[in-house]
Each structure stands twice: as C-alpha cells, then as structure tokens.
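Report on the following structure.
Numbering (this note's numbering), first residue to last: 10 to 248.
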C-alpha cells in the first residue's frame with residue numbers, strides 16, 4: 010500500500026472512530042438521574058396549580074410565546090414535555106383543523122389528562138402520546154416545529170432525544186427552546202439546584218445534534234427563548 014493510500018486509510022479510520030464516539034454513543038447514562046421521579050405518578054391537579062397560574066412567567070406570556078413561534082394554519086407541531094397541555098391547546102387552535110399537534114410526555118397521567126381536555130374542547134387535531142425518556146418516537150420528517158418549554162433541563166438523555174427530534178423534523182423544521190436562565194450569583198437557589206446547566210451548555214448540546222442557532226427573542230426575564238433550524242446533511246446547511 011502506498012504512503013498516500015495509507016494516509017487516506019488512517020484518515021478514514023480516525024473519522025470512523027469519531028463517529029462511533031459521537032454524541033449518541035457517548036451518552037449511555039442519564040445526565041440527571043431521578044429528576045423525573047415526580048412525574049412517575051403525578052397529581053395532575055397539583056401541577057395545574059403550579060403551571061397554569063399568572064405567577065408563572067411562562068403562563069403569563071403564553072400567547073406572546075405562541076405568536077413568537079410563528080405557528081400558522083396547517084403546521085404540525087410537537088409539544089415536547091406537554092405536561093398539562095397548556096401550549097398543546099394553544100397550538101391546536103393556531104394550526105387549525107388542517108394542522109396537527111403531537112402532545113408528548115413521559116408521564117401517562119399527563120398524556121391522559123391532555124387527551125381528555127382536548128376531547129372536551131373539541132380539539133380534534135391533537136394526538137397525545139407517551140414518549141420514551143430518550144426518544145420522542147415520531148415518524149421521520151413529520152413535524153414542522155418542535156417546542157421544548159421548561160423541559161430540556163428534564164431531558165435525562167438530551168443528545169439522544171435531540172437526535173430523535175432531528176429525525177422527526179422536516180428539512181425546513183425548527184426547534185424552539187425555552188428554559189431558565191441559570192447564572193451563578195443571579196439565579197435563585199431553586200434554579201441553581203434544579204437546572205443542571207446554563208444556556209450556553211444547552212445550546213452547544215443542541216447544535217452538536219445537527220442544529221444551527223438562528224435567533225433569540227428577548228420576550229421573557231426568567232427564561233430565554235432560542236430558535237434553532239435543522240441542518241440537512243448534503244444540503245449546504247439549514248434550509
């Protein structure tokens with residue numbers, strides 16, 4: 010074998026090692042074991058009181074958040090970590106009967122509640138599903154927008170989950186990330202103890218899974234709002 014060919018094989022071999030040691034293979038264990046224990050058998054009424062109240066910034070600005078997501082009639086939205094369905098119901102109204110909303114959560118109790126309330130409100134364009142802790146379980150290229158609100162810090166396997174979201178998004182798909190500002194010396198003791206990392210870390214993780222940051226909105230104070238686009242391999246980046 011010539012030196013040129015030998016060098017080429019070394020490059021290929023090294024590249025293969027990088028692929029094998031990539032984000033998915035490197036994440037065999039939960040990054041935050043036990044953080045989702047409260048959702049194994051939640052009292053839905055208690056979480057309604059916590060989450061759907063004017064004292065919560067996300068609830069207070071819920072309509073502004075939906076507007077900032079630029080959702081329109083006919084879109085397919087995945088509400089990841091749907092919880093009590095606050096945004097699921099708002100998105101269902103925004104996408105209309107020609108659109109669809111997947112309400113995804115790891116908690117069967119939340120999924121059952123969302124399905125029940127959407128049925129009562131005749132929101133027939135909602136499909137509530139229980140998902141895995143490491144995979145949203147949606148069909149390939151089936152979603153226009155993945156909405157992750159105050160949920161990413163609950164991802165036990167963030168890289169695997171984001172890869173599954175990448176697969177589920179259409180080539181022009183987008184991700185909206187809303188999560189707590191975590192800043193030493195500024196954030197509350199609860200945030201510092203509950204949220205495992207700050208915005209920079211979460212953004213880098215998402216970018217490593219095949220996304221590109223395309224925007225940020227100064228809509229909230231306690232939380233940040235970041236928009237990502239799906240990067241399509243071989244298409245010159247995000248479309």
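C-beta: ideal position from N, C-alpha, C; glycine also.
What is the DSSP secondary structure of residue 55, counted as helix, strand or coil? helix
In angstroms with no decimal places, state the Cα-to-Cα distance between residue 53 and residue 122. 8 Å
Considering Cα atoms alone, identify which of 169, 231, 136 and 116 is closest to residue 38. Taking only the C-alpha atoms, the option nearest residue 38 is 169.
Enumerate, from N- to C-terminal direction, the unbroken beta strand (DSSP E) stretches of 3 or more residues contained entirely within the stretch 76 to 146. 85 to 89, 109 to 114 and 135 to 139
Note down the Cα distance separating residue 138 from residue 213, rounded to an integer number of angstroms. 28 Å
Using alpha carbons as the reference points, say which of 147, 96 and 78 lies closest to residue 226. The candidate whose alpha carbon is nearest that of residue 226 is 78.
Counted within 10 angstroms of its Cβ, other Cβ atoms place residue 239 as buried (16 or more) or exposed: buried
Counted within 10 angstroms of its Cβ, other Cβ atoms place residue 167 as buried (16 or more) or exposed: buried
Exposure label - residue 209; buried when at least 16 CB within 10 Å: exposed
Using the Cβ count rule (16 or more neighbours within 10 Å means buried), how would you classify residue 157? buried
Give the straight-line distance between the Cα atoms of residue 231 and residue 203, rounded to the nearest whole angstrom. The straight-line gap from Cα to Cα measures roughly 14 Å.
What is the rounded straight-line gap between the Cα of residue 69 and the Cα of residue 90? 19 Å
Got a sec? Which residues, its chain only, sit under 8 Å from residue 65 by beta carbon, not counting five neighbours each side? Answer for residue 65: 59, listed in chain order.
Throw me the rounded Cβ distance for the residue 183 and residue 237 pair, which I believe falls under 8 Å. 7 Å
Does the stretch 84 to 102 come close enough to the stretch 148 to 155 to have 3 or more Cβ pairs within less than 8 Å? yes
Tell whether a beta-carbon distance below 9 Å holds between residue 177 and residue 145. yes
Among 163, 228 and 95, nearest to residue 130 - alpha-carbon criterion: Nearest option by C-alpha distance: 95.
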